[in-house]
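First residue of the sequence shown: 6, per the numbering used here; consecutive thereafter.
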Amino acid sequence: MKTKRSKWDPNSIRAVSLMYFMVFAAVILLMVWFMQSFFMNTYYERMMAQEAQTTANKLGNYYSTNKDNFDAYARKAADRNGLYIRLETADSTSEYGNSGLSQGDIPHYQFEISDAKDKLAKSSLGKISLTVTEKGNKASRLVYATYLGNRDDGNILYMIAPLYPVESTISILRSQLLYITFITLMIASMLAIIMSTWLSLPIASITKSAVQLSNGNYNVNFNGGIFTETNELARTLNKASYEMQKTDSYQRDLIANVSHDLKTPLTMIKSYAEMINDISGDNPEKRAEHLAVIIAEADRLNKLVSDMLSASRLQSNSAELNMTKFDIVKAATEVEETFEVLNQQEGYNISFNKCKTAYVYGDYDKLKQVMANLISNAIKYCGKDKYVRIELKKVGRNVRFDVIDHGDGIAAEEISHVWERYYRTSANRNRNIEGTGLGLSIVKGILSLHNANYGVESEEGKGSDFWFELATVKK
Ligand code: ADP
Numbered sequence: 006m007k008t009k010r011s012k013w014d015p016n017s018i019r020a021v022s023l024m025y026f027m028v029f030a031a032v033i034l035l036m037v038w039f040m041q042s043f044f045m046n047t048y049y050e051r052m053m054a055q056e057a058q059t060t061a062n063k064l065g066n067y068y069s070t071n072k073d074n075f076d077a078y079a080r081k082a083a084d085r086n087g088l089y090i091r092l093e094t095a096d097s098t099s100e101y102g103n104s105g106l107s108q109g110d111i112p113h114y115q116f117e118i119s120d121a122k123d124k125l126a127k128s129s130l131g132k133i134s135l136t137v138t139e140k141g142n143k144a145s146r147l148v149y150a151t152y153l154g155n156r157d158d159g160n161i162l163y164m165i166a167p168l169y170p171v172e173s174t175i176s177i178l179r180s181q182l183l184y185i186t187f188i189t190l191m192i193a194s195m196l197a198i199i200m201s202t203w204l205s206l207p208i209a210s211i212t213k214s215a216v217q218l219s220n221g222n223y224n225v226n227f228n229g230g231i232f233t234e235t236n237e238l239a240r241t242l243n244k245a246s247y248e249m250q251k252t253d254s255y256q257r258d259l260i261a262n263v264s265h266d267l268k269t270p271l272t273m274i275k276s277y278a279e280m281i282n283d284i285s286g287d288n289p290e291k292r293a294e295h296l297a298v299i300i301a302e303a304d305r306l307n308k309l310v311s312d313m314l315s316a317s318r319l320q321s322n323s324a325e326l327n328m329t330k331f332d333i334v335k336a337a338t339e340v341e342e343t344f345e346v347l348n349q350q351e352g353y354n355i356s357f358n359k360c361k362t363a364y365v366y367g368d369y370d371k372l373k374q375v376m377a378n379l380i381s382n383a384i385k386y387c388g389k390d391k392y393v394r395i396e397l398k399k400v401g402r403n404v405r406f407d408v409i410d411h412g413d414g415i416a417a418e419e420i421s422h423v424w425e426r427y428y429r430t431s432a433n434r435n436r437n438i439e440g441t442g443l444g445l446s447i448v449k450g451i452l453s454l455h456n457a458n459y460g461v462e463s464e465e466g467k468g469s470d471f472w473f474e475l476a477t478v479k480k
């Protein structure tokens, strides 16, 4: 499978993020355009009215406290805001303001000023402010008039402020907005491209590795890029591929082991059967000896096959427990007795330390299988002293089962793996000890079904202690 990158895919991360960024930019720009077109004038009007009011207050202050600065301030304010300012006193009239107001305009204001003067005379507040809108012209003006100082002195300050933005201001803003629109769209699309590349790169790389993995290459490495989520995904996939690799190699080992383990007893059975046929058929003693070998080998085969069955049942969760209340001390004694013969015939030193009784609720046969597996492992892997100690004692409300040997133990880095299916420690694989690596995984499966605690303490070269604990119940 090849990932096609050249073709434009509307569902790709790149296309979708580009679309969203564009929509986002467009909405913002539309809002700005809308505000500018519909609210600019109202806003401008309000701001100008406020500004005019402030200027008028300041002029009033200057006039009463700091007359020298009045002139300069009035001129500056008029220039800056396009105001027309007029100060009438008993003996003089001064006018300020030229921007936007040509001389020709002044007679026009004459009317407004006399109108304002009338209204001011009638007003009890000592100041007035009017908004005048000319007919046929949307632009309006603020006309403001106030007495400076005492009303009877007749000093009046007039101020006329345009309440509409100057045309040039609007066109400057418009062209600025055009630039902003262009730049925003550019930035949005660049961001979208960068974002989507960042996002899609790790995904594309993970997909590529996954394709390799699906082709059976377990050595691939998944790389998650800079995002937490993709990193998490990559980490999980790395773990999955490691597990797959492990299972695969265990399975390969298993096939090798099982075929070896099946072949040895089968060869033995065949050759002993032939021997009986050819040689010992008539000799009852020899025949019995040879038949015993055949039976022992058949038992071994049987055990191997039933181990494989148990393991696969436990693995597929189809194993069912047959729960009863029973004395685990009695069950353990039965198991231990089957190994006694080794004490006598093969020089083993198997001891059993037990408490009197300990009732547990569990599957009688399966728990016996657990104990048998642990004991037979200890016997298989015990040291030269052939020492195996079995203990069954009460610990608080639990009963604890231990099998201790003085064998080679298990290396620290392998200890957590011994419970896995088909796992055999490298030392034992090399020593050619018979086994499938299934025993402990069966133990683990059964103990987990019983919610029991279990574990192993082991030191390389010193030996191991495999144990489990079950809750006791009343008899
Ligand atoms: P096997 O059929 O190989 O014994 P198990 O599942 O019973 O399979 O055990 C898994 C591996 O754990 C064994 O191959 C062995 O390497 C290690 N092991 C189990 N019991 C002991 C022990 N008592 N001492 C040392 N190693 C052990």
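Note that CB positions come from ideal geometry on N, CA and C, so glycine has one too.
Keep in mind that this is a model prediction, so the values were computed, not measured.
Three-state secondary structure assigned by DSSP to residue i
i    : result
T477 : strand
G352 : coil
W472 : strand
D123 : helix
P167 : strand
I231 : coil
T59  : helix
K7   : Per-residue confidence for K7 stands at a pLDDT of 44, beneath the threshold of 50, marking its modelled position as unreliable; no derived number is given.
E279 : helix
T329 : strand
L23  : helix
I133 : strand
D413 : coil
V28  : helix
Y223 : coil
G105 : Low per-residue confidence applies at G105: pLDDT is 46, beneath 50, and the placement is therefore not dependable enough to give any value.
N160 : coil
S482 : Because residue 482 is not part of the residues shown, which for the chain are 6 to 480, the question remains open.
T174 : helix
R405 : strand
V393 : strand
T70  : helix
Selected residue, minimal CA-CA separation from residue i, among the options
i    : options                : result
S97  : R405, M249, G159, N456 : G159
T441 : L306, M376, L147, L135 : L306
I447 : M328, E93, D370        : D370
D312 : K389, Y277, L267       : L267
L397 : I333, M40, F344        : I333
N155 : A95, Y101, S176        : A95
A303 : Q320, A245, Y277, A209 : Y277
T186 : V28, E248, Q58         : V28
V393 : A209, R91, L259, I409  : I409
I438 : S134, N382, S145       : N382
N456 : A336, T430, D470, D368 : D368
I18  : L196, E100, Y255, D390 : L196
D470 : T430, D407, Y366, A417 : D407
V423 : N403, L445, N433, L475 : L445
P167 : R179, V340, T477, N46  : N46
Y48  : I211, V216, I175       : I175
V365 : D287, N327, N348       : N327
E234 : S205, T138, A30, T70   : S205
T60  : D14, S317, L88, D283   : L88
G65  : A20, K132, I188        : K132
Sub-8 Å separation of residue i and residue j beta-carbons
i    : j    : result
Y386 : G352 : no
V375 : I420 : no
L182 : Q41  : yes
F344 : I384 : yes
G229 : P207 : yes
A489 : Y163 : In the structure displayed, the chain extends from 6 to 480; residue 489 sits before or after that span and is not available.
A193 : F26  : yes
R426 : L454 : no
A77  : I90  : no
L296 : I281 : yes
G414 : K479 : no
I451 : L319 : yes
T136 : S128 : no
L130 : I161 : no
N403 : A336 : no
L242 : A215 : yes
I380 : E339 : no
R80  : Y101 : yes
N354 : K391 : yes
Considering only residues of the stretch 351–387, which uninterrupted beta strand (DSSP E) runs meet the minimum length of 3 residues and lie entirely inside it, listed in chain order? 354–359, 364–368
Could you pull out every unbroken alpha helix (DSSP H) segment of at least 4 residues lying fully inside the stretch 426–460, listed in chain order? 431–435, 444–454
4-residue-minimum alpha helix (DSSP H) runs that sit fully inside the stretch 230–316, ordered along the chain: 233–283
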